[in-house]
Structures are given as C-alpha cells and as structure tokens.
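Undergrad: I have a structure I would like to understand better, so I am pasting it below and will then ask my questions one at a time.
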Ligand SMILES: [Zn+2]
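Residue numbers (our numbering): 4 to 463.
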C-alpha cells in the first residue's frame, strides 16, 4: 500500500483513543523540508516535539532512523517492520502462555476462550487464549477475576502489561501471602490479546492497525471491537462508517471477539475485570458519558477509581464512547475498569517496562484488597446450583444493570454503593426472593447464600 503524507496524517490523528490528539501533522510545522520525518512519525511514536527537545546527536540519529524507515515505506510500499522484537506477536504470546503452563503446572492452565459456548473463532480463524491461574481448589468453586489487553491491536504496551501480570502473579504463589490468598480464594484469567487478527496485522502489514479484520459491507476493513459490546451500543462516541477507527460494527455483538469475551463473562460471572489499553496514564470511569448514573453509584466509582489510579500515578477521565467491554461486564455485574497505560502505543521497550511497574502497583492493590458488597451462592432448596437474575429493587440503575449467579455452581458477587438495598433474586421455576443488603463500608463482603423454593406445581 502506497502511503501518502496526507494518509499518514489522517492515521496519526486517529491514533489515540478517540478524544486524544497526538497530531504529528500539526506539530511537524517548522520542519520545512523534513516531510520525510512527518511521514515517518505518522507511523511511529516519536512525537516531533520529542525531536525538537532532543540533543543534536540524538536528533541526527533519530532523523536517520526515520528517514531510512520512510525510504523503506516508499520502496516496498508497506510499513517497515521496525517493532522492537521484545514486543510479542500472536505466536509468541500464545507460546508465552504455554511456557507459563510448563513452568507453573500446579496453578496454570491454558484456556481456548473461542471454544466456550456462544464464543467463536476470529474472522481469520484464530482462537483467543487465556491463562488461568488458580491455587488450592475450593469445594463449590471460586469467584473469578479477568485481566485483558489488546482489544486494540497496535497497543503493544498493554499486551506487555497483561503478559507481565501472568509472571508476577504465578511466581508469587506460595511466597507472597496476599497473592497466594488471591489464587487460593479466586481464579485469575489473563487474556493478553483479545484481537489476535489485528495484532497479526500489526506485525505483518500495518504497524498501527487498531480494529479487528472484519470485511465490512462498504469494502473497508475492521470493526472497533471496543465499540461493539451491547451495553449502550452506539449511544455515544462511535461511528457508522466502516472506514472509521471507531466503527461500531453492523450490530451489537456482531464481532466474534466481542462474543467470545461475552461468553467468558457468562461462564465465569467474574467479580472483577481490568482492561488494559494505550495510552494516556488514565483510569476510565465506570460509565460512558451518555449513561445515566445515580449519585450513590458515582460516589462508589470515584472511590475505586482513586484507589486504582493513585498507586499508578494516573489520572481519570470518562470513556470516549459507549459499547466498550468494561461497560458490558459491569452491566452484567462484574466491577470493571479500563486503564490507559503509558504515553504511546509502542514506546521504547524500556519505557514499557517502567510503565508496567507503575501499573502493577494499582493492579496488585485491586486484586488483593477489593471485595464486593456480598458474595454467595443461589441454590434450590435441595442444594442444586441455580442460574439466577439478581437485581436491585430501588431505582439505583437506569440501564438494566444486574448481576447473575453462574450456572455451574450458583456463585455470584454483588457490588453495591453504600446504603441499604433490596435485592431481588429470581430463577426460572422458583419463587422470587427479596433480601436486604446493607453496605456501610467497602470491601467487606458479606456472605449471602440464598435458597429458592420451587414454584408450586399447579397441575394436580
Ligand atoms: Zn485502546
């Protein structure tokens, strides 16, 4: 593909998650004849302002590198493959999961998420893989936690963060008391690449590819997977145009990657979900700007945002759009945050290593100290696990947010703001129950086991 300067600029202006601007086109004014730099920086994370500040020797070196890269683009008509080899492509990331299983066989398992009920392989036939980490088994099952990265393919820094979390958590088992407790009481699923087709494109064809590889009706390629989830689908910050970087797709959950991550939610009913992206050094609020949020819920969001962002040294902001993965997870009862890591999609690898250290401070806190208002099990009177729909009776939620107990063992988690709430528990063929849950402080999960009586059989 022949890349003109203009196209490069357009790509660059769409290069951050929707609301951000990193516009090298504008910043490149004043470089005079250095059009070649503008072209190369459009495909790179060297912002021209960095060049301006660089000492002369460094400036010369960078300009040489950029000029060579631009020459390669011109000659081959494709991006020059200049990704630091320490960033993982799809094959290497999947191999990394295998290595973890080999290294920690007692606690690590590789899971093919695309084989879950309701899940699917990607457009190019790939599976999405997770590493599952779990310590001692608990009779009746354990609540789950999910950590993911790379809905957006080019965000290689986020893939590194998720990948590093695998090693940090696994290697701490039996050594660090808090992380040992985490794996003994909960299961942790880490999905370092949600968008393997896109990541493959980044490594083979187009270094700053963002979306998946759907063939759109208008002939363009790719849906923004992180605009494709059904909660408030298309309500704000998305596009109907196939060529847009934030194209939401033809319908809610049209994309196999979104359906696979939804299948994981249904299977696990996880109590916590953390989704890594790049870039901005920010934690995004629980709801998109177009959602109606009760003040009590807002206070709870502020409380946890602060606890996640502060140890990382990050700020917070509302999400750019609706239909993002954390919104869906939260609408189904999983407390969920999106974290924008670092200052670039593919920064110098050494910078990524430093970013990860910062992020771990917040992530490890969340994993080891956060707890929902209640945890429990819904069963029938004879102890059979029930898949129940669990919803607050007061008008706390405006968009159908609820939680559910999982089919396999009836386990559920319930996150609620401070206050006294009537919680309705409803399961097919059973008499609905309402229980009162009083939340006076965060992270003090009460045990809430609920037995539902069978509905009376009216046929004599
Ligand atoms: Zn992103």
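Just so it is clear, CB atoms sit at the ideal spot from N, CA and C, and this is done for glycine as well.
Could you pull the start and end residues of the beta strand (DSSP E) that residue 438 belongs to?
TA: 436-442 is the span of the beta strand (DSSP E), which, as asked, contains residue 438.
Undergrad: Looking at residue 117 and ligand 1, is the gap between the Cβ and the nearest heavy atom below 8 Å?
TA: Every heavy atom of ligand 1 is 8 Å or more from the Cβ of residue 117, so no.
Undergrad: Return yes when at least one heavy atom of ligand 1 lies under 8 Å from the C-beta of residue 158, else no.
TA: Indeed, a heavy atom of ligand 1 lies less than 8 Å from the Cβ.
Undergrad: Go ahead and label residue 388 buried or exposed: buried means 16 or more other beta carbons lie within 10 angstroms of its beta carbon, across all protein chains shown.
TA: Its Cβ being crowded by 16 or more others within 10 Å, residue 388 is buried.
Undergrad: List in chain order: all unbroken beta strand (DSSP E) runs of 3+ residues lying wholly within the region 348-408.
TA: Segments of the beta strand (DSSP E) lying fully in the region 348-408: 377-383, 392-395.
Undergrad: Based on Cα-Cα distance, which residue from 410, 421, 235 lies nearest to residue 334?
TA: The candidate whose alpha carbon is nearest that of residue 334 is 235.
Undergrad: Mapping DSSP to helix, strand and coil, what is residue 118?
TA: In the structure shown, residue 118 sits in a helix (DSSP, three-state: H, G or I).
Undergrad: Using beta-carbon positions only, say whether residue 419 and residue 340 come within less than 9 Å of one another.
TA: In this structure, residue 340 does not lie closer than 9 Å to residue 419 by Cβ.
Undergrad: Taking the alpha-carbon positions, what's the residue 182 to residue 371 distance?
TA: Answer to the nearest angstrom: the Cα atoms are 7 Å apart.
Undergrad: Is any heavy atom of ligand 1 found at a distance shorter than 8 Å from the C-beta of residue 161?
TA: Checking the Cβ of residue 161 against ligand 1 gives yes.
Undergrad: Quick check: the Cα distance between residue 385 and residue 409, rounded to an integer number of angstroms?
TA: Distance between the alpha carbons of residue 385 and residue 409 is about 17 Å.
Undergrad: Where residue 103 and residue 254 are concerned, what is the direct C-alpha to C-alpha distance, given to the nearest angstrom?
TA: Rounded to the nearest angstrom, the two C-alpha atoms are 37 Å apart.
Undergrad: How long is the line joining the alpha carbons of residue 323 and residue 292, rounded to whole angstroms?
TA: Taking the straight line joining both Cα atoms gives about 8 Å.
Undergrad: Express the C-alpha separation of residue 368 and residue 342 in angstroms, rounding to a whole number.
TA: Spanning the two alpha carbons is a distance of roughly 14 Å.
Undergrad: Going by other Cβ atoms of all chains shown within 10 Å of its Cβ, with 16 needed for buried, is residue 125 buried or exposed?
TA: Flag for residue 125 reads buried.
Undergrad: Name the residue from 299, 265, 315, 264 whose alpha carbon lies nearest to the alpha carbon of residue 286.
TA: Selected option, being the one with the closest Cα: 315.
Undergrad: Exposed or buried, what is residue 146 when buried is set at 16 or more other beta-carbons lying within 10 Å of its beta-carbon?
TA: Looking at its Cβ environment, which holds 16 or more other Cβ atoms inside 10 Å, residue 146 is buried.
Undergrad: Going by the CB atoms, is the gap between residue 133 and residue 110 shorter than 9 Å?
TA: No, Cβ-Cβ distance for residue 110 and residue 133 is not below 9 Å.
Undergrad: Given residue 122, which residues of its chain have a CB within under 7 Å of its CB, disregarding the five upstream and five downstream residues?
TA: These residues qualify, in order along the chain: 116, 262, 263, 266.
Undergrad: Let's see if you can read the secondary structure: which residues bound the alpha helix (DSSP H) around residue 268?
TA: Note, residue 268: alpha helix (DSSP H), 259-271.
Undergrad: Between the alpha carbons of residue 140 and residue 186, how many angstroms are there, rounded?
TA: In a straight line, the C-alpha of residue 140 is about 9 Å away from that of residue 186.
Undergrad: Please tell me whether residue 244 and residue 196 are closer than 9 Å, where the distance is taken between their beta carbons.
TA: Cβ distance not < 9 Å, so residue 244 and residue 196 don't count as in contact.
Undergrad: What are the start and end residues of each continuous alpha helix (DSSP H) run of 4 or more residues lying completely inside the region 147-185, in chain order?
TA: The region 147-185 contains these whole alpha helix (DSSP H) runs: 159-175.
Undergrad: Check whether chain B comes within 9 Å of residue 258, counting only Cβ atoms and requiring the distance to be less than that.
TA: Of the chains in the structure shown, none is chain B; there is only one protein chain.
Undergrad: Under 8 Å from any heavy atom of ligand 1, does the C-beta of residue 203 make it?
TA: No.
Undergrad: Return the bridge partner residues of residue 318 from the DSSP annotation.
TA: 285, per the DSSP bridge assignment.
Undergrad: So, is residue 326 buried or exposed, given that buried needs 16 or more other C-beta atoms within 10 angstroms?
TA: Under this definition residue 326 is a buried residue.
Undergrad: Would the beta-carbon of residue 343 be found less than 8 Å away from any heavy atom of ligand 1?
TA: Yes, Cβ of residue 343 sits closer than 8 Å to a heavy atom of ligand 1.
Undergrad: Look at the Cβ atom of residue 250, then the Cβ atom of residue 278, and state whether they are nearer than 9 Å.
TA: Their beta carbons are not under 9 Å apart, which means residue 250 does not touch residue 278 by this criterion.
Undergrad: Looking only at its own chain, which residues have a Cβ that is under 6 Å from the Cβ of residue 232, when we skip the five neighbours before and after it?
TA: If we look at residue 232 and ignore the five residues flanking it on each side, its Cβ neighbours are 261, 326, 328, 331.
Undergrad: Compute the Euclidean distance between the alpha carbons of residue 272 and residue 337, then round it to the nearest angstrom.
TA: Approximately 7 Å, taken between the alpha carbons.
Undergrad: Name the DSSP beta bridge partners of residue 341, please?
TA: Answer is 278, 287.
Undergrad: Kindly indicate which residue of 165, 161, 157 has the alpha-carbon position closest to the one of residue 149.
TA: Checking every option, the nearest Cα to that of residue 149 belongs to 165.
Undergrad: Where does the unbroken alpha helix (DSSP H) through residue 102 begin, and where does it stop?
TA: Run containing residue 102: 93-106, per the alpha helix (DSSP H) assignment.
Undergrad: Of the residues 221, 295, 365, which one's Cα is nearest the Cα of residue 239?
TA: The residue with the shortest Cα to Cα distance from residue 239 is 295.
Undergrad: Spatial neighbours of residue 423 within its chain, please: C-beta separation below 6 Å, excluding the five flanking residues on both sides.
TA: 441.
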